[in-house]
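Its first residue numbered 1, the sequence shown is counted upward by one per residue in the UniProt record's numbering. Built from N, CA and C at the ideal position, the CB exists for glycine as well. Computed from a prediction, not measured in an experiment: that's the story for all the values here.
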Amino acid sequence: EFKNQVLKVYFDSVGITHQMSSVQTPQQNGVVERRNRTLVEAARTMLIFSRAPLFLWADAIATACFTQNRSIIHRRFNKTPYELINDRKLDISFLYVFGALYYTKNDREDIGKLGAKGC
């Protein structure tokens, strides 16, 4: 349960109305359920398109959430959720296609336990 006095005080201070819902009733959580469905559908599409193994489903959902928060425009403000929160545009030049082959580059001299043992 997420119902306690500390949260109530916090919610009151920032103007949040806390509403509880019954267990096992997704009908009462319509907005959240729709958002989750959108993320799952995007993740499924990425996994199928990239022919990635299904065990990457959590990474696909995280990537879908990351990209949607930075690309879907909020009609009222004509900005992405990222821009609304951070008050700046995000540089997305680092993004690659989900499932693309890549190699991690390690420029450090000291690679710890994995390095060759010498005299």
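Alpha helix (DSSP H) segment containing residue i, residue limits
i: Phe49; result: 30-50
i: Pro81; result: 81-86
i: Ser93; result: First-last for Ser93: undefined, no H or E at that position.
i: Val9; result: 5-14
Cut-off 8 Å between Cβ atoms - residues of its own chain near residue i, not counting five sequence neighbours on either side
i: Pro26; result: Glu33
Where residue i falls, given that 16 or more other Cβ within 10 Å makes a residue buried
i: Leu47; result: buried
i: Arg98; result: Per the sequence presented here, residue 98 reads as Phe, with Arg not at that position. The residue is buried, with at least 16 neighbouring Cβ atoms inside 10 Å.
Residue i versus residue j - alpha carbon distance
i: Trp57; j: Asn69; result: 18 Å
i: Ile72; j: Ala43; result: 16 Å
i: Thr67; j: Tyr96; result: 11 Å
i: Leu101; j: Asp12; result: 48 Å
i: Asp59; j: Thr45; result: 13 Å
i: Asn86; j: Val40; result: 26 Å
i: Thr17; j: His74; result: 22 Å
Candidates the options, of which the one nearest residue i by Cα
i: Val14; options: Ser93, Arg37, Val6; result: Val6
i: Arg37; options: Ala64, Pro53, Leu54; result: Ala64
Residues of its chain near residue i, where Cβ-Cβ distance is below 7 Å and the 5 sequence neighbours each way are ignored
i: Asn29; result: Ser21
Same chain only: Cβ atoms within 6 Å of residue i, ignoring 5 sequence neighbours per side
i: Leu90; result: Arg70, Tyr82
i: Ser50; result: Phe98, Gly99
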